[in-house]
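Student:
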Amino acid sequence: MDTLTLLQFGARFPRRHFATATACGCVLTVKRTVASRRRFPLAWFRSVQLSQSFDGSVNFVSEQSARSSISRRSFFGGVLGPSSLPSEFRCWKQGFPTSEFASKARAFGEMVGVELKAPQAKKIPHVTKLFDQERTDQYYWLRDDARKSPEVLEYLKAENDYTEAVMADTKEFQEKLYKEMRGRIKEEDMSVPVRKGGFFYYSKDLDGKQYPQHCRRAIPGGEGPGHVDEVMETREGAPAEQILLDENVVAAKHEFYHVGVLKVSPNHKLFAVTEDFTGNEIFTIRVVDIETGQDIGSKITGATESLEWGDDNTLYYLAQDETQRPYKVWRHHLESDQSSDKCLYHEEDVEHWLDIGTSESDKYILVASGSKITQFVLFLEKSNPDGELQYVMSRVNGVDISATHARDHFFITKRSEEFYNSELLVCPVNDRSSPVVLLPHRPSVKLQSVSTSQDHVIVEERENGLVTLTVYTLPPAGEPISSLGGGRKVEFPEPTYSVWLGGYQFKSPVLRYVYSSLATPPSVYDYDMGTGKAVLKKVQAVLGGFDASKYETRREWATAEDGTPIPISLVYRNDLVKLDGTDPLLLYGYGSYEICIDPDFNSNRVSLLDRGIVFAIGHIRGGGEMGRRWYESGKLLCKKNTFTDFITCAEFLLEKKYGSRDKICINGRSAGGLLIGAVMTMKPELFTVAVAEVPFVDVVTTMLDESIPLTTAEWEEWGNPKKEEYYRYMVSYSPVDNVTTRNYPNTLITGGLNDSRVAYWEPAKFTAQLREKKTDNNVLLFKCDMGAGHFSKSGRFDKLGETAFVYTFILKYLGLLQKCVLLWLEPTGSESESWTAWESSR
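Going letter by letter, the sequence shown gives residues 0 to 841 in numbering that gives the first Met the number 0.
Shown next, in the form of structure tokens:
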């Protein structure tokens with residue numbers, strides 16, 4: 000039901016001073032306008048509140064009256080802003096400046112003879128035939144690998160212009176929301192320093208600046224193990240701060256700028272940094288002399304974001320092939336140029352990607368080659384810069400291992416078909432043939448990762464969807480490592496939370512971790528692994544009057560079609576929700592790659608919670624929250640479980656009255672965008688609003704094209720559609736293949752022109768398909784960022800602007816923004832003329 004407010008004026012003046020208009024609900028179409036400079040000697044105001052049902056019937060609710068006289072200028076200021084209206088009417092006139100009227104009117108219809116129409120992509124049939132099935136893609140022409148086609152760029156511009164016009168009436172609110180979210184940020188802030196060698200390293204955010212500075216200070220006592228109560232000295236007389244890199248200086252020269260990693264050389268005299276200048280995730284490496292600030296040697300191009308130091312003169316990095324698959328390990332000597340670099344390993348299996356790191360002991364370079372089901376590790380001693388990579392364990396298909404090092408032993412996490420939640424093994428570096436089991440496989444507990452320090456093993460596990468941290472003490476040096484004994488579990492206070500490890504020193508007993516929940520800002524703790532003492536070092540500041548006690552977190556369990564329990568994390572503001580089935584609900588999901596969407600804090604989300612939205616995360620199959628089997632039951636030929644689980648979560652939350660059936664929004668990003676596209680095409684009537692950000696929606700076409708980044712490496716995730724069984728299954732859920740003639744929710748789709756993970760043409764084609772087939776009057780917008788990649792804009796405040804836009808769309812089409820539609824009607828009487836302004840609070 001729409002609630003409409005009618006403001007009626009009586010006056011005498013010629014017909015030419017009016018515009019003819021028609022209105023249907025909240026949609027305005029203005030046929031013509033004529034300006035008037037005359038004063039309106041209004042005899043009276045009459046406010047009548049009506050309720051309009053969906054069948055068109057109008058019912059009287061209430062009426063108010065008042066007398067006034069008002070100039071034309073004051074009237075427009077009054078209708079579009081409350082200052083000039085009698086006090087009786089100001090309560091429902093909120094902040095729409097006069098300048099917004101024209102663009103807002105265009106957003107609702109046609110004005111001054113110009114009709115706003117949604118872009119319609121032309122159709123050029125592109126037919127593919129596989130397994131006796133023809134697929135016709137009318138919008139294949141939108142693909143332009145070079146991103147330079149004038150026709151394609153013009154179409155993307157038209158979509159962006161249309162999006163801007165439709166959202167023009169919210170510009171002021173977007174700005175308000177941006178300032179609100181920015182107002183929660185402590186703009187001048189510093190990370191908790193990390194002790195490395197004889198220095199504290201940290202980053203700083205500066206007031207008004209988009210990017211951080213990377214800094215350090217010398218430690219007065221020099222290199223040492225540190226302790227949990229240690230604090231970096233900043234008072235007068237303390238060692239001076241050194242700025243290694245000010246990202247703002249570099250970013251000022253580029254439209255996009257992103258630092259992958261910054262790593263300091265072993266002697267702390269140089270640093271190497273990986274930089275992306277376009278958002279396409281192809282990085283350039285440069286080395287800088289810390290003392291002079293000058294670049295050393297030549298730059299390395301075509302790299303990934305990862306690199307490692309060997310000795311003070313040697314770098315190890317990864318190169319990408321033409322599909323951006325990291326496939327070669329290179330060794331670079333600083334005195335040489337890139338053409339002289341030596342390739343240490345070439346991964347020829349197109350389903351494998353390489354990653355590079357270093358052991359916590361800093362003794363070994365570790366290279367992992369992994370697919371979705373197989374991973375093996377190679378190692379190289381850092382003290383041997385001319386050495387060759389060796390296998391930690393033999394490469395076995397279907398077996399996944401990772402490794403770390405301490406006490407001349409490798410600690411190996413091994414997963415196999417039999418031991419699907421992984422087991423922990425240990426073996427001497429020089430005798431890896433007979434590893435010993437330290438932690439056996441457990442069906443209900445997933446061994447997620449293992450880290451080591453000089454005297455401890457830190458085990459991160461996942462049980463019932465939540466992370467646990469357990470610290471084990473190693474036997475005294477020199478004794479065999481054959482068991483771990485009892486460990487000390489780190490305790491956490493809330494029923495749902497997120498925790499992850501921070502930086503720490505290998506030779507120190509101090510472990511750093513970060514704790515957060517949907518209502519608790521990230522809190523950094525230093526934990527003494529010997530005593531169990533935890534010291535809070537920092538809580539992320541949330542300005543603007545944030546009070547965590549106003550927000551409640553919950554955990555619920557929905558039941559899937561096959562009886563599987565699905566965990567759901569929720570947060571809402573206690574004093575604003577009723578939990579009676581009338582609250583607006585936002586459900587977020589991902590459900591792919593064994594990635595866990597843990598319930599952690601986001602200060603921007605407070606803007607939604609403070610407007611009465613209930614926020615929920617569906618921890619659906621395809622993610623890793625509930626263990627390896629949870630992931631496996633949401634991939635390949637079980638992928639539809641991801642989508643039906645999400646629908647089950649939505650229906651459960653509505654049944655339990657966490658949200659209203661006409662105020663439910665769904666949101667997902669990347670593979671989570673596939674989720675949104677799939678459930679939109681499966682059960683669109685369930686949702687009011689859908690937001691699919693950089694969505695992977697053309698599954699079959701992409702997975703058939705080996706030239707596209709990620710394709711070959713993801714056959715073990717989605718299936719290889721060159722095999723009929725996978726092809727037919729993927730066609731049955733791929734969103735662009737399942738758009739039919741029916742109604743769809745209000746929908747926002749986003750993309751990035753330089754996105755190498757999900758090419759812009761996927762969301763563009765999905766938009767075109769929906770616009771062609773949809774039978775409703777709901778809004779469909781596509782916003783393509785013409786200067787960014789998969790991860791949107793690079794500056795922290797620019798990202799806020801993007802978030803403000805998405806949140807505004809959600810709030811607007813959930814009916815949580817007041818709409819003001821000004822409507823003139825031609826007078827019907829010669830003596831007693833009247834005209835009408837409508838406002839909708841829908």
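C-beta: ideal position from N, C-alpha, C; glycine also.
Just list the alpha helix (DSSP H) runs in the region 581-645, keeping only unbroken ones of 4 residues or longer that don't cross its boundaries, in chain order.
Tutor: As far as the region 581-645 is concerned, its whole alpha helix (DSSP H) runs of at least 4 residues are 605-608 and 627-631.
Student: Taking the C-alpha atoms as reference points, what is the distance between S481 and R441?
Tutor: Their backbone Cα atoms lie some 19 Å apart in a straight line.
Student: When you compare the region 724-740 with the region 359-367, are there three or more beta-carbon pairs, one atom per stretch, that lie closer than 8 Å?
Tutor: No: the two stretches stay apart, fewer than three of their Cβ pairs being nearer than 8 Å.
Student: What residue range does the beta strand (DSSP E) around Q539 cover?
Tutor: Unbroken run through Q539: none, as it is neither H nor E.
Student: For a test of the three-state rule: what should DSSP assign to T403, helix, strand or coil?
Tutor: Residue state, collapsed to three classes: strand.
Student: Among residues of its own chain, excluding the 5 on either side of Y851, which ones have a beta-carbon nearer than 6 Å to its beta-carbon?
Tutor: Since the displayed the chain opens at 0 and closes at 841, residue 851 lies outside it and no answer follows.
Student: Can you name the start and end residues of the beta strand (DSSP E) that R554 belongs to?
Tutor: Looking at the DSSP string, the run of the beta strand (DSSP E) that includes R554 is Y550 to T558.
Student: Output the residue ranges of the beta strand (DSSP E) runs that lie fully inside the region 191-278 and measure 3 residues or longer, sorted by chain position.
Tutor: Taking only runs of at least 3 residues, the beta strand (DSSP E) segments lying wholly in the region 191-278 are 193-195, 198-204, 212-217, 241-245, 257-263 and 269-275.
Student: Considering only residues of the same chain and omitting the five flanking positions on each side of K655, which have a CB-CB separation below 8 Å?
Tutor: Here the set comprises E555.
Student: Mind listing, in chain order, the continuous beta strand (DSSP E) runs of no fewer than 3 residues lying wholly within the region 278-358?
Tutor: For the region 278-358, whole beta strand (DSSP E) runs of length 3 or above, ordered along the chain, are 282-288, 294-308, 313-319, 325-332, 341-345 and 352-357.
Student: Which residues does DSSP pair with F378 in a beta bridge?
Tutor: DSSP output for F378 lists L365 and Q389 as bridge partner(s).
Student: Evaluate contact between the region 619-639 and the region 655-668, counting only Cβ atoms and requiring at least three cross-stretch pairs below 8 Å.
Tutor: As far as the Cβ criterion goes, the region 619-639 does not touch the region 655-668, which means the pair count is below three.
Student: Taking buried to mean at least 16 other C-beta atoms within 10 Å of its own C-beta, is C595 buried or exposed?
Tutor: Under this definition C595 is a buried residue.
Student: Under the assumption that D258 contacts E274 (Cβ atoms under 8 Å), give the Cβ distance between them as a whole number of angstroms.
Tutor: Just to set this straight, residue 258 is Val in the shown sequence, not Asp. Right, their Cβ atoms sit about 6 Å apart.
Student: With distance defined between alpha-carbon atoms, name the residue in S433, L437 and V428 nearest to E422.
Tutor: When only C-alpha atoms are compared, the closest one is L437.
Student: Quick check on I565: does DSSP put it in helix, strand or coil?
Tutor: In the structure shown, I565 sits in a strand (DSSP, three-state: E or B).
Student: May I ask you to report which of helix, strand or coil DSSP gives F409?
Tutor: Three-state result, F409: strand.
Student: Is it buried or exposed for V425, if we count other Cβ within 10 angstroms and need 16 for buried?
Tutor: Buried, by the Cβ-count rule.
Student: Can you check whether the CB of D525 is closer than 8 Å to the CB of V735?
Tutor: No, the Cβ-Cβ distance between V735 and D525 is not below 8 Å.
Student: Return the CA-CA distance between L673 and G751, expressed in angstroms with no decimal places.
Tutor: L673 and G751: Cα-Cα distance of roughly 16 Å.
Student: Measuring straight from C-alpha to C-alpha, what distance separates D131 and V248?
Tutor: Looking at the two C-alpha atoms, the distance is approximately 57 Å.
Student: Measure how close the beta-carbons of L542 and M528 come, nearest whole angstrom, since I'm counting them as under 8 Å.
Tutor: Between M528 and L542 the Cβ distance is about 34 Å, and since that is not below 8 Å, they are no contact.
Student: Check K782 in the structure and name its three-state DSSP category.
Tutor: Note: K782 maps to strand in three-state DSSP.
Student: Taking T467 as part of the beta strand (DSSP E), name the residues at either end of that continuous run.
Tutor: Segment L465 to T472, the beta strand (DSSP E) holding T467.
Student: Please work out which residues of its chain come closer than 7 Å, Cβ to Cβ, to S450, disregarding the five sequence neighbours upstream and downstream, and give them in chain order.
Tutor: The residues are E359, T403, I457 and L500.
Student: Over what stretch of residues does the beta strand (DSSP E) that includes V509 continue unbroken?
Tutor: Taken as a continuous stretch (DSSP letters only), the beta strand (DSSP E) holding V509 covers V509 to S515.
Student: Compute the distance between the beta-carbons of Y514 and L608, then report whether it is under 8 Å.
Tutor: Going by C-beta atoms, Y514 is not nearer than 8 Å to L608.
Student: Using 8 Å as the threshold, is the C-beta distance between K506 and P192 below it?
Tutor: It is not a contact, given that the beta carbons lie outside the stated cut-off.
Student: Since P744 and M681 should fall inside the 8 Å C-beta cutoff, what is the C-beta to C-beta distance between them, to a whole number of angstroms?
Tutor: Not a contact, Cβ separation roughly 12 Å.
Student: Look up I748 in the DSSP assignment and say whether it is helix, strand or coil.
Tutor: Looking at I748 - three-state DSSP - the assignment turns out to be strand.
Student: Take I400 and list the residues in its own chain whose beta-carbon comes closer than 8 Å to its own, dropping the five residues that flank it on each side.
Tutor: Cβ neighbours of I400 beyond the five flanking positions: Q374, F375, V376, V391, M392, I411, T412, K413 and R414.
Student: Return helix, strand or coil for M180, following the three-state DSSP convention.
Tutor: M180: helix per DSSP, three-state reduction.
Student: Going by C-alpha to C-alpha distance, which of I809, D354 and D311 sits closest to P325?
Tutor: For the residues I809, D354 and D311, the minimum Cα distance to P325 belongs to D354.
Student: Could you check the C-alpha separation between V260 and E254 for me, to the nearest Å?
Tutor: Going by the C-alpha atoms only, they are around 20 Å apart.
Student: Can you tell which of V605, I612 and G590 has its C-alpha closest to the C-alpha of C637?
Tutor: Checked all of V605, I612 and G590; the closest Cα to C637 is G590.
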